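Student:
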Amino acid sequence: MSHDGHHSVVIPAPGPEFVPHTVAHHFDTPVQEFQAAKLGFWLFLATEILLFGGLFAAYFYYHETYAETFRVGGQQLDWQLGAVNTTVLLLSSWTMAMGVRSAQTSQKGKTLLFLGLTVLGALIFLGIKYVEYSAKNQHGLIVFSHLFDGYDQANKQLPWFQDYGGVMKDVPHGHLFFAIYLTMTAIHGLHVVIGAGLIIWVMKGAAKGRFHAGYFLPVDLVGLYWHLVDLIWIFLFPLLYLVP
Amino acid sequence: MTAHAHSDHHSHGALQMGHHHVSSSQQFLSVLVALLVLTGITVGASRIDFGSANMLIAMAIACIKASLVIAFFMHVKWDTAINKIVFLSSFLFLALLFLFTLVDLTTRRWDSYVNTIRTPVDHGWVQPAPKPDAHH
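Residue numbers (the working numbering), protein chains in the order written: chain X, 5 to 248; chain U, 92 to 227.
1) Taking only heavy atoms of the ligand NAP into account, decide whether any of them is closer than 7 Å to the Cβ of residue 110 (chain U).
2) Are any of the Cβ atoms in chain U nearer than 8 Å to that of residue 53 (chain X)?
3) Using Cβ-Cβ distances below 8 Å, what residues of the segment 183-202 of chain X are close to chain U?
4) Going by alpha carbons, who is nearest to residue 76 (chain X) out of X:185, X:104 and X:232?
5) If you measure between the beta carbons of residue 177 (chain U) and residue 43 (chain X), is that distance less than 8 Å?
6) Look at the alpha carbon of residue 166 (chain U) and the alpha carbon of residue 117 (chain X), and state the distance between them as a whole number of angstroms.
7) Residue 156 (chain U) to residue 35 (chain X), Cα distance in whole Å?
8) Consider the Cβ of residue 211 (chain U): report whether some Cβ of chain X lies at a distance smaller than 8 Å.
9) Short of 7 Å Cβ to Cβ, which residues in the segment 118-138 of chain U face chain X?
10) Could you give the C-beta distance for residue 239 (chain X) and residue 153 (chain U), rounded to a whole number, given that I count them as a contact under 8 Å?
11) Does any C-beta atom of chain U lie closer than 8 Å to the C-beta of residue 65 (chain X)?
12) Hey, could you find the ends of the alpha helix (DSSP H) residue 195 (chain U) is sitting in?
13) Check whether the segment 229-244 of chain X and the segment 73-88 of chain X are in contact - that is, three or more C-beta pairs closer than 8 Å.
14) By Cβ distance below 7 Å, which residues in the same chain neighbour residue 175 (chain U) in space, the five residues on each side in sequence not counted?
15) Are the beta-carbon atoms belonging to residue 102 (chain X) and residue 141 (chain U) less than 8 Å from one another?
16) Let me check one thing: in DSSP terms, what residues is residue 219 (chain X) bridge-paired to?
17) By the 9 Å beta-carbon criterion, what residues does the segment 200-227 of chain X contribute toward chain U?
18) Check the Cβ of residue 109 (chain X) against every Cβ in chain U and list those closer than 9 Å, keeping chain order.
19) Can you name the start and end residues of the alpha helix (DSSP H) that residue 133 (chain X) belongs to?
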């Protein structure tokens, strides 16, 4: 074993299309390596839940306080696009689960296929999100395009307050709904981008045959990250698009 | 090496990451179908006006969907006890955050015009004292 500090544990490749995995020298066994990484990743995911949890708390607080604002705000969003994106993410979560399963069962081709489909799902999601953001920007509901405008001396206001447009001008604290919408969906969207990047990264490893029944840890962890992205959206869709 | 490994305390994982439960494709497909059906129910339920129950219904369905994703897609059902505790405890702390936010929400006197400017006299809870010049 590796207790002498000279030899590392090697997990043999199950076939010619795979490569063996060398357990990192600071771990005694593959099980220890797997469990340590997995525990660390679950801790990270717990912090992710708390990150989004704070935003959800803000949502519920203002939803209860300015119900009318949220009702009108939700009507400005296209629920059909939201439903399509929900379906896309659920499907991509399924392809991700199948990708992990393919790696666990040493099916290299299927692993690459399912991971590729998951990236495709991420791209479709981001494409639809771009269409939505563009429309909201045109209607003056998103003020990012004015973020770097200077202070308006004449009106004694920052431009993104006075330019705030559309029907949200007529409801109390109309900026709140789209501020929360943009913050939550943008941070979620950032996770989609990072998740897609991570999947492409494990695809490179999968193409080299690094992942098989003996070693599939990176695929497993990236899969967990991707499912978390799906998990958050499961709550975002009804709260933002179908405002109860 | 193999013979040595089998006598070792960690023998079952000497050559692999250990024994892992691998879910069947059929199970993943069933979970996917359930998630899509529940999404449809979410949209359908939002079209009907249940008053304040709409929020509860939407969140209940979302929680069922989330549980399916966590248990099956994220494989938590077959994960180790420590990993379950670590991940699921985040929801416990989330519940604490929501609980105290809710307490604040239901007990706060809003600093709106109505609540800050109106006095007990305005409310009609007390009668104003008679004016001194009434005697002249």
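All residues carry an ideal CB built from backbone N, CA and C; glycine is no exception. Keep in mind it's a predicted model, so treat the numbers as computed, not measured.
Tutor: The relevant details are as follows:
1) Among the components modelled here there is no ligand, and therefore nothing to report on the ligand NAP.
2) As a working note, residue 53 (chain X) is residue 49 in the first sequence. So, interface residue.
3) Listed by position, the residues of the segment 183-202 of chain X near chain U (Cβ gap below 8 Å) amount to none.
4) The residue labelled residue 76 (chain X) in the question sits at position 72 within the first sequence. Checked all of X:185, X:104 and X:232; the closest Cα to residue 76 (chain X) is X:185.
5) Against the second sequence, residue 177 (chain U) aligns to sequence position 86. Against the first sequence, residue 43 (chain X) aligns to sequence position 39. Yes, the pair counts as a contact, with Cβ atoms nearer than the cut-off.
6) Numbered from its first residue, the second sequence carries residue 166 (chain U) at position 75. Numbered from its first residue, the first sequence carries residue 117 (chain X) at position 113. Their backbone Cα atoms lie some 21 Å apart in a straight line.
7) Here residue 156 (chain U) refers to the residue found at position 65 when the second sequence is read from its first residue. Here residue 35 (chain X) refers to the residue found at position 31 when the first sequence is read from its first residue. So the two alpha carbons sit approximately 31 Å from each other.
8) Taking the first residue of the second sequence as 1, we reach residue 211 (chain U) at position 120. In terms of beta-carbon proximity, residue 211 (chain U) stays away from the interface with chain X, with every pair separated by 8 Å or more.
9) Listed in sequence order: 119, 123, 126, 127, 130, 133, 134 and 137.
10) The residue labelled residue 239 (chain X) in the question sits at position 235 within the first sequence. The residue labelled residue 153 (chain U) in the question sits at position 62 within the second sequence. The beta-carbon distance between residue 239 (chain X) and residue 153 (chain U), rounded to whole angstroms, is 5 Å. This is short enough to meet the 8 Å contact definition.
11) Taking the first sequence and counting its residues from 1, the one referred to as residue 65 (chain X) is at position 61. For residue 65 (chain X), a Cβ of chain U is located within less than 8 Å of the residue's own Cβ.
12) Here residue 195 (chain U) corresponds to residue number 104 of the second sequence, with the count starting at 1. Looking at the DSSP string, the run of the alpha helix (DSSP H) that includes residue 195 (chain U) is 172-198.
13) Contact between the segment 229-244 of chain X and the segment 73-88 of chain X is present: three or more C-beta pairs spanning the two stretches fall below 8 Å.
14) What you label residue 175 (chain U) is simply residue 84 of the second sequence in a count that begins at 1. For residue 175 (chain U), same chain residues with a beta-carbon under 7 Å away, outside a window of 5 residues either side, are 167 in chain order.
15) As a working note, residue 102 (chain X) is residue 98 in the first sequence. As a working note, residue 141 (chain U) is residue 50 in the second sequence. Contact: no.
16) Against the first sequence, residue 219 (chain X) aligns to sequence position 215. Its beta-bridge partners are X:216.
17) Residues of the segment 200-227 of chain X whose Cβ lies closer than 9 Å to any Cβ of chain U, in chain order: 217, 218, 219, 220, 221, 224 and 227.
18) Numbered from its first residue, the first sequence carries residue 109 (chain X) at position 105. Here the neighbours are 113.
19) Residue mapping note: residue 133 (chain X) aligns to position 129 of the first sequence, counting from 1. Segment 112-142, the alpha helix (DSSP H) holding residue 133 (chain X).
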